[in-house]
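Quick note: to get this note's numbering, add 4 to the position in the sequence shown (first position is 1).
Heads up, the beta-carbon is just placed ideally off N, CA and C, and yes, glycines get one too.
Please read these numbers as outputs of a predicted model, since none were measured by experiment.
Below is one structure, written out as structure tokens, with a few remarks after it.
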Amino acid sequence: LTGAGFRATVLDEEELIAALATSACANPLVTAEAGRSGARERRTQESARDWRCDNRRHTTYWIRRWPPLGGDGGASLPRLLAGITAIPALATTFSLTLSPGERGDVALCGHLRVTGRSDDELVAARQALESAARQAGAGLSRLDREQLPGMLATLPLGGAR
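Written out as structure tokens, the structure reads:
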């Protein structure tokens with residue numbers, strides 16, 4: 005990373021836990037209470053269409069079709085993502101994995117996660133995200149019954165094989 009001009013820092017255990025809790029939108033009040041009480045209650049639950057951590061609900065999508073990007077009239081990736089993720093929600097999260105593609109090109113694999121404080125807020129955010137993606141020419145597949153793997157795909161874990 006440093007060779008590419010990025011500054012990287014190795015996190016200690018406490019910093020890593022804080023970074024993952026922030027990325028998962030864990031409720032800091034619930035986290036603090038769990039730390040004080042020492043209780044080991046399960047704080048997550050997956051259903052067909054969402055994954056819950058504390059009182060935060062998440063739905064994850066795989067970007068199955070990308071619109072034309074850059075070059076001949078296509079939007080830049082940052083502009084595309086800004087348009088899709090600028091929706092009313094507690095949070096929107098995007099992850100991108102690059103890998104060698106066919107014929108020497110680069111393959112993109114993207115995931116989007118939208119987060120709400122309630123079921124109603126999450127449903128509204130999902131509808132807004134799906135609409136924004138359609139308008140941008142992107143095709144999304146909601147990861148029904150695969151929300152936990154989708155959630156993991158959006159956390160800053162450095163990828164998995």
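Who are residue i's beta bridge partners in DSSP?
i	result
T101	C113
T63	V118
T96	V118
L144	I67
E18	Answer by DSSP bridge pairing: none, since E18 is not bridged.
E50	W55
L156	Note: L156 sits in no beta bridge, so no partner.
L73	A79
Please state whether DSSP places residue i in a helix, a strand or coil.
i	result
R107	helix
S80	coil
A38	helix
S135	helix
A25	helix
R11	coil
L33	helix
When the Cα of residue i is compared with those of the options, which residue comes out closest?
i	options	result
A52	T89, A22 and Y65	Y65
L159	V14, A140 and I21	I21
V34	D58, L15 and R149	D58
W70	G154, P153, A142 and R121	A142
R61	V14, S27, A90 and R44	S27
G161	S99, D148 and A132	Looking at the sequence shown, residue 161 is not Gly but Leu. Ranking S99, D148 and A132 by Cα distance to L161 puts S99 first.
E150	R11, R117, D123 and R121	R117
L156	T97, G87, R68 and L144	T97
A79	G39, L15, T48 and A137	A137
G154	G39, T63 and T48	T63
E18	G39, T48 and T6	G39
R121	L94, L144 and G75	L94
H115	A30, L152 and R11	L152
Go through its chain and collect everything with a Cβ distance to residue i's Cβ below 6 Å, but skip five positions before and after it.
i	result
R146	Y65
L73	L81
Suppose the cutoff is 7 Å on Cβ atoms and the five residues either side in sequence are ignored; what does the same chain contact list for residue i look like?
i	result
R165	The predicted position of R165 is uncertain, since its pLDDT is 48 and thus under 50; a value taken from the coordinates is nonetheless stated next. Correct list: empty, nothing qualifies.
G87	A136 and A140
E134	L144
For the region 120-138 against the region 104-112, are there 3 or more C-beta pairs whose distance is under 8 Å? The region 120-138 makes no contact with the region 104-112: fewer than 3 CB pairs, one atom from each, lie closer than 8 Å.
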